[in-house]
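A short worksheet on the structure shown next.
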Amino acid sequence: MNKKLDSKFNLRVAGNRVFRKGYATVNIDGCEIKAPVGEILAVTLFVTGKLTLKYSSRKKEPRGFFCLMGSCQECLVLVNDRIVLACQEIVEEGIIIKTGINK
Amino acid sequence: MTKTYPNDIQNVDLVVLGAGPAGVAAANVASQEGADVVIIDENSSAGGQIYRAPPNEFKPHDSFKSDEYQEGEKQRKILKNSNVKALFKHRVWSISSDLVVSIVGPNGLSSLHTRSLIIANGALERIIPFPGWTTPGVIGLAASTILLKSQFVLPGQSTVVAGCGPLLIAVANGIIKSGGKVSAIIDLNSKSDWIKASPRLLSRPDQLFKGMSWFANIMKAGIKIYGGHAVTNTKQVDNVLKISIAPINSAGSIILDSKYKKIVEGDCLAIGHGLFPSTEITRLLKAKHIYDPHKGGWVPLIDDDFRSSIPGVYIAGDATGISGAFSAVQKGRIAGMTAVRDLNLMSSKKYKVKIKSERTTLKKNENFGKAAVILMKFRSELIQTITSETIVCRCEDVYRSEIDEAIESGARDMNQLKAWTRCGMGPCQGRTCSEAIEAILASKVGSRELAGQWTGRTPFRPIPIDQIIGEYSYDDIPIPKAAPL
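Residue numbers (my numbering), protein chains in the order written: chain G, 148 to 250; chain H, 139 to 623.
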């Protein structure tokens, strides 16, 4: 299963303004993509077009990251099968991310 | 109560919570006076949210370095060169009344028993709900500043920037500077609100000049600014957010008549209605609080030297009342010096001399910060945008209609509302919805004071059970030697 995730545009500020040390391969819902090492995972998902990260507990409504600072708890995803806040995780080689949990 | 702790609990003179500008200043000054200081922050380096550091792997080129980046680097260096022990990537999840601080970090749980505590946990962003605010792609203004400053990422291809205060202008300017597009600015404040706040800005002409240059960038980019308008609804249609806005009249009401409604579009809505002091720790410790709109909301009661109502507990920075990053440094230094003075590590003569010059600078910087507070103050008309079908508590999906029903049935304070509807009971501990729910309740019972605050609860942040038990397995359980038969 190697669907391509394509974002229509690049939200990352270009390399001639910001140096990024390297790229890692991460697996998002079965798709492998390259992302800058050290980037906040919630940001990687956002830039990749994965706006919905989870579904709310009671009404199963789609939710995405909101505060990006560990307060709102809306960006829960599975990383290597552990439930984590995507805004508190960073891109590392080989991590496997699953979105869409009900929490 | 007997105070014996297991051997693995370390005793220290001072624990500082939060490594933003206030925390770093407090820790540094206390350490210089010889105190044994530990500073704790959940991020991987110092700076707080205002000077949030980019990852080590990212480096902006010189021409793209912001003032905030440079100031953050300066503060990170100060901390690095001090004797302060820094625990980054560590979260405090509980604090007991005898000041045992419970921490969870990359290596599991630990505790510190401290003689004094400085709380410098800053502020939270107030975002008053409106239909559609839970749509993915709607994010906070503060979140947008993290995207721009620390991640070098645009919030959208075409972003609608809405709300109030300096963050509004900072985010719009940041997007332009980063090569992005702002489709519109929706400002709760009208031009006359800005003019009213401006005399205070003169106390820091350097910063006033910076703000004006941001405004100039926005004007040059030809961005439409809707002054005196509020966002009333957001709907996602395909990949576009259709954002309804309405004007606010001079009496301070949002005119909801469809005749005045306008719709703006973007793929991201960055919205924030100001900052309010974070009180989760001081509420847990049962410190006295007062409601002061000029400080951004509920604040722990402090004396002139930043002592809270709890002996040995001090508050610094925006947690004492919103006044910005510049004044946070002096607030931190005064709190740090007071803490070491109370520990008898500093002579009262030296304390008096040092504190005096800090107060002079504090006054100037606070005056500047107050202009921002005026522009970010809570506006009761925003309650109009919380329709009965709007989710107010995002964690537990509690609707405005359920809150209203509970109040109709007799819920008279915040804890009652929580028990009856589950609002504020979810994993965010009410940080995201407290301002909206307090405001709804206050509008019915008469005041914020009567509505009260939620009781502080632990854990401050959810902690996974595997982090509590660590690498512990059945094999680690010691089996006592069998008794002789």
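We treat Cβ as the ideally placed atom computed from N, Cα and C, and that holds for glycine.
Please read all numbers here as calculations on a predicted model, not as lab measurements.
CB contact flag (residue i, residue j, <8 angstroms)
i               : j               : result
K227 of chain H : E180 of chain H : yes
P597 of chain H : S182 of chain H : no
H306 of chain H : I323 of chain H : Before going on, a small fix: residue 306 of chain H reads as Leu here, not His. For L306 of chain H and I323 of chain H, yes; Cβs fall inside 8 angstroms.
A164 of chain H : G412 of chain H : no
L198 of chain G : G455 of chain H : no
I521 of chain H : S585 of chain H : no
M563 of chain H : Q591 of chain H : no
R205 of chain G : E534 of chain H : yes
S296 of chain H : S336 of chain H : no
A408 of chain H : P565 of chain H : no
S330 of chain H : A191 of chain H : no
F414 of chain H : V165 of chain G : no
D325 of chain H : G365 of chain H : yes
R517 of chain H : S526 of chain H : no
G312 of chain H : G260 of chain H : no
L225 of chain H : G243 of chain H : yes
G196 of chain G : P193 of chain H : no
S234 of chain H : I241 of chain H : no
A510 of chain H : P304 of chain H : yes
Beta-carbon separation (whole angstroms), residue i vs residue j, contact threshold 8 angstroms
i               : j               : result
C238 of chain G : A161 of chain G : What sits at residue 238 of chain G in the sequence shown is Val, not Cys. 18 angstroms between Cβ atoms; not a contact.
F212 of chain G : C178 of chain G : F212 of chain G to C178 of chain G, Cβ: 19 angstroms. No contact.
G161 of chain H : A258 of chain H : 4 angstroms
T420 of chain H : S446 of chain H : 6 angstroms
V230 of chain H : H251 of chain H : Not a contact, Cβ separation roughly 13 angstroms.
L215 of chain G : I248 of chain G : With 8 angstroms as the limit, L215 of chain G and I248 of chain G do not qualify as a contact, their Cβ atoms being about 19 angstroms apart.
V175 of chain H : K223 of chain H : 7 angstroms
T370 of chain H : A384 of chain H : 5 angstroms
S382 of chain H : K399 of chain H : 6 angstroms
L279 of chain H : G246 of chain H : That belief does not hold up - the Cβ atoms of L279 of chain H and G246 of chain H are roughly 35 angstroms apart, past 8 angstroms.
S391 of chain H : E519 of chain H : 5 angstroms
A310 of chain H : I277 of chain H : Contact doesn't hold; Cβ gap of about 14 angstroms is too wide.
Q374 of chain H : T273 of chain H : 5 angstroms
I256 of chain H : A473 of chain H : 5 angstroms
Member of the options whose CA lies at the smallest distance from the CA of residue i
i               : options                           : result
I524 of chain H : H:K203, H:F268, H:L255 and H:Y189 : H:F268
V299 of chain H : H:G435, H:E527 and H:A281         : H:A281
M514 of chain H : H:S248, H:K212, H:L262 and H:V230 : H:L262
E209 of chain H : H:L225, H:N553, H:K223 and H:P159 : H:P159
L483 of chain H : H:G156, H:V167 and H:A157         : H:V167
T458 of chain H : H:W352, H:V175, H:Q170 and H:H432 : H:H432
K250 of chain G : G:I187, G:R210 and G:I175         : G:R210
L422 of chain H : H:P193, H:L407, H:E587 and H:V451 : H:V451
R253 of chain H : H:V153, H:Y398, H:I313 and H:A466 : H:V153
L588 of chain H : H:A389, H:I428, H:K218 and H:L346 : H:I428
S572 of chain H : H:I601, H:Q605, H:I529 and H:E546 : H:I529
K245 of chain G : G:E186, G:S203 and G:V173         : G:V173
I284 of chain H : H:Y207, H:R532, H:S248 and H:D442 : H:Y207
F506 of chain H : H:T476, H:F464 and H:V437         : H:F464
G318 of chain H : H:I386, H:G303, H:L579 and H:F290 : H:F290
I440 of chain H : H:A621, H:T476 and H:I266         : H:T476
Q468 of chain H : H:D480, H:P438 and H:L500         : H:L500
K201 of chain G : G:N163, G:E236, G:L223 and G:G169 : G:L223
G434 of chain H : H:Q554, H:I188 and H:T417         : H:T417
D228 of chain G : G:V190, G:S203 and G:I175         : G:I175
Residue i, DSSP secondary structure in three states
i               : result
G196 of chain G : coil
T140 of chain H : Confidence is the limiting factor: at T140 of chain H the pLDDT is only 40, short of 50, which leaves the residue's position unreliable, though a coordinate-based value still follows. Of the three classes helix, strand and coil, the one that applies to T140 of chain H here is coil, per DSSP.
L237 of chain H : coil
Y207 of chain H : helix
K150 of chain G : Model confidence at K150 of chain G stands at a pLDDT of 43, short of 50, so the residue's coordinates are unreliable; what they give is reported in the following sentence. Coil, per DSSP.
T252 of chain H : strand
Y537 of chain H : strand
F516 of chain H : coil
N166 of chain H : helix
L247 of chain H : strand
Q605 of chain H : helix
K196 of chain H : Strictly speaking, residue 196 of chain H in this sequence is Phe, with Lys absent from that position. Reduced to three states, the DSSP call for F196 of chain H is strand.
W592 of chain H : coil
Q522 of chain H : helix
V128 of chain H : Given a span of 139 to 623 for chain H in the structure shown, any question on residue 128 of chain H remains unanswerable.
Residue i CB to nearest heavy atom of the ligand GTP below 7 angstroms
i               : result
S232 of chain H : Inclusion of the ligand GTP in the displayed structure is not the case, the ligand content being empty and no account of it being possible.
_If we require 3 or more residues per run, which beta strand (DSSP E) segments fall completely within the stretch 347 to 423 of chain H?_
Runs found: 363 to 365, 367 to 375, 378 to 385, 400 to 404, 406 to 410 and 413 to 415.
*Entirely within the stretch 419 to 464 of chain H and at least 3 residues each: give me those beta strand (DSSP E) ranges in chain order.*
427 to 430, 435 to 438 and 451 to 453
_Contained alpha helix (DSSP H) runs [length at least 4] in the stretch 261 to 286 of chain H, N- to C-terminal order_ = 279 to 284
*Continuous beta strand (DSSP E) assignments of at least 3 residues falling wholly in the stretch 156 to 240 of chain G*: 165 to 167, 170 to 175, 178 to 183, 223 to 226 and 229 to 232
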